[in-house]
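Residue numbers (the UniProt record's numbering), protein chains in the order written: chain A, 1 to 175; chain B, 1 to 375. Read through the structure below, which is laid out as structure tokens, and then see the notes.
Laid out in structure tokens, this is it:
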């Protein structure tokens, strides 16, 4: 698909749909493309960090820097794949997989005590001290049967989240 | 006007201009259940925050305000396409040259009258100002004619009284021209570069217009003072302010800055609504320069708009300036059929202040600590 074209062919749409495991309908992909072109101001084929941050609601989000690392410079296909975890058709496992990726910033498939601590730091800012954060985390980890030195894998995450429904859905507005 | 590559975080000063955004935004699910024993799952579950972020990426009410929707192409079949081609020929080949000629004639008349008056009548200020006002009204009429502007004015014509300001919603710099052709307003505007800036510093200066510079932080105080001085003077032209601070696409209004509403004056709202069937008058300053914008208008069929002069409002007892601003924004939005969004227009030029993120962090931290104590 051309970087500068603002028209998607049927072939392009199907290719993107395959890439995101059919989690978005074709209409939703067209809407997402309009949005992508709107954010990508000079039609480079990807959205830069600055352009993401020009959406005030996104810039205000405590996890914006972490998410930026994951979405910065993605082309449209990968952009849709990233957002597919938020589709209503996504399974709980797919959603948990995204959450895992947010924690696992170095991408080695393991989430350490420090990884979780870093996310907690993003979420609580200066309103909790490092000691308080460590204390809370050690406590809940112990009760769940893990120690400070443990590495959590994706399976551990799936186990921890259990069967309780995970609500992580965003509706794509379709004209 | 090109967008700077890197935007700075807005100073918290700008926050004083509006109430909490959090009160207006759809609140996502609270970060955590407010009560109950804290478990590992609760700590690891960042889904509400992620959902808010993804929601913002997919669609957000701020970017919507500055979207210029391209009109539906109606010339898609064999019969309509030749018609459209004829239209293009007429617009570019006939209308455009005629309009350019009209505009040039207008400028010649204007300059040949303005320059002598400005220079020769230096001593007779009152007379000079009167003639200059009339001449500016004249050149604005020529401008409006050069886009075949069809403007319908509703409501009583504004009168020149001291201690009153006019506020209006803002779609393009032509708002000023459309309003100016009826009444000689003094406007407060961003100083522009190029030929527009030249016009600003020469002709518009004589009207008593005030200039500001968005990028200068200290600018606000000097401008506030200039505003106050202007409204005190009884001989000055009535002041026209666009409290949104930036051009919006005529479907939405962004938050009004409170500066115009704390001058201790009567505020007369004006609502301006353009009819998109003829041309989209929204000036997207990121996408085109003002010159290109004018050329686009001059090669369209017409600029059709409605202007409503609404009932003057005063600060109610016990109302803050921000509440007053919101009330007037409501009046204007209802009249012109615009939707209100809770964003500060200046977020186009700077990042939101860290205060908003801190509020979320504070709420999260408090929930965690409280639940910890409940064990």
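Glycine included, each C-beta is placed from N, C-alpha and C at the ideal position. It should be emphasised that the depicted structure is a prediction, and the values quoted were computed from it without experimental measurement.
In the structure shown, residue 152 of chain A falls within a strand segment according to DSSP collapsed to helix, strand and coil.
Rounded to the nearest whole angstrom, the C-alpha separation of residue 85 of chain B and residue 141 of chain B is 30 Å. Under the rule that a run must span 3 or more residues, the beta strand (DSSP E) segments found entirely inside the UniProt domain "Phospholipid/glycerol acyltransferase" (164–275) of chain B read 164–168, 186–190, 210–212, 239–241, 252–255 and 266–274. Taking a C-beta distance under 8 Å as the contact criterion, residue 43 of chain B and residue 157 of chain A do not qualify as a contact pair. When C-beta distances to chain B are compared with 8 Å, the residues of the UniProt domain "EF-hand" (27–62) of chain A below that value are 32, 35, 38, 39, 41, 50, 52, 53, 54, 55, 56, 57, 58, 59, 60, 61 and 62, in chain order. Around residue 160 of chain A, the same chain offers 144 as residues with beta carbons nearer than 7 Å, after the five sequence neighbours per side are excluded. As for any beta strand (DSSP E) of minimum length 3 sitting wholly inside the segment 268–352 of chain B, the runs are 303–309 and 339–344, ordered along the chain. Chain-order list of chain B residues neighbouring residue 99 of chain A: 44, 45, 46, 47 and 50, by C-beta distance under 9 Å.
Nearest C-alpha to residue 224 of chain B among B/210, B/233 and B/236: B/210. Take residue 133 of chain A, set aside five residues on each side of it, and the residues of its chain with a beta-carbon closer than 8 Å to its own are 117, 120, 121 and 124, in chain order.
Within 7 Å of the CB of residue 81 of chain A, no CB atom of chain B is found; the nearest one sits about 13 Å away.
Annotated three-state conformation of residue 153 of chain B is strand, per DSSP. Assignment of residue 80 of chain A by DSSP, reduced to helix, strand and coil, places it in the helix class. Among the residues of chain A, those whose CB is under 7 Å from the CB of residue 55 of chain B are 170, following chain order.
In this structure residue 140 of chain A does not touch residue 27 of chain A by the C-beta definition: roughly 42 Å separates them, more than the 8 Å allowed. Its chain contains 299 as the residues whose beta carbon lies nearer than 8 Å to that of residue 92 of chain B, once the 5 sequence neighbours on both sides are disregarded; these appear in chain order.
The Cβ-Cβ distance between residue 154 of chain B and residue 307 of chain B falls below 8 Å.
At least one C-beta of chain A is nearer than 8 Å to the C-beta of residue 361 of chain B. Assignment of beta-bridge partners to residue 111 of chain A by DSSP yields A/152. Along the segment 142–159 of chain A, the positions whose C-beta sits under 8 Å from a C-beta of chain B are 143, 144, 146 and 157, read in chain order. For residue 253 of chain B, there are no neighbours in chain A by C-beta distance under 8 Å, as the nearest C-beta there is about 16 Å away. Less than 8 Å separates the beta-carbon of residue 231 of chain B from that of residue 163 of chain B. Residue 246 of chain B does not reach chain A, its nearest Cβ partner there being about 13 Å away, counting only Cβ pairs nearer than 7 Å. DSSP, read as helix, strand or coil, puts residue 116 of chain A in helix. Closest by C-alpha distance to residue 81 of chain A, out of A/18, A/111 and A/92, is A/18. Per DSSP, residue 33 of chain A is one residue of the alpha helix (DSSP H) stretching across 26–39.
The way I'd put it, the segment 47–58 of chain B does touch the segment 53–61 of chain A; three or more beta-carbon pairs between them come closer than 8 Å.
Against chain A, the CB of residue 271 of chain B has no partner CB under 8 Å away; the residue lies outside that interface. For residue 151 of chain A, the closest alpha carbon among the candidates A/127, A/100, A/62 and A/162 is that of A/100. Rounded to whole angstroms, the Cβ separation of residue 249 of chain B and residue 66 of chain B is 6 Å, and the two are in contact under 8 Å. For residue 147 of chain A, there is no enclosing alpha helix (DSSP H), as DSSP gives it neither H nor E. Three or more beta-carbon pairs drawn from the segment 308–323 of chain B and the segment 146–160 of chain B are found closer than 8 Å, and the two stretches are therefore classed as touching. For residue 51 of chain B, the enclosing alpha helix (DSSP H) starts and ends at 47–58. In its chain, beyond the 5 residues on either side, 158 have a beta carbon closer than 6 Å to the beta carbon of residue 183 of chain B. DSSP, read as helix, strand or coil, puts residue 89 of chain B in helix.
Relative to residue 283 of chain B, the option among B/175, B/131 and B/271 whose CA is nearest is B/175.
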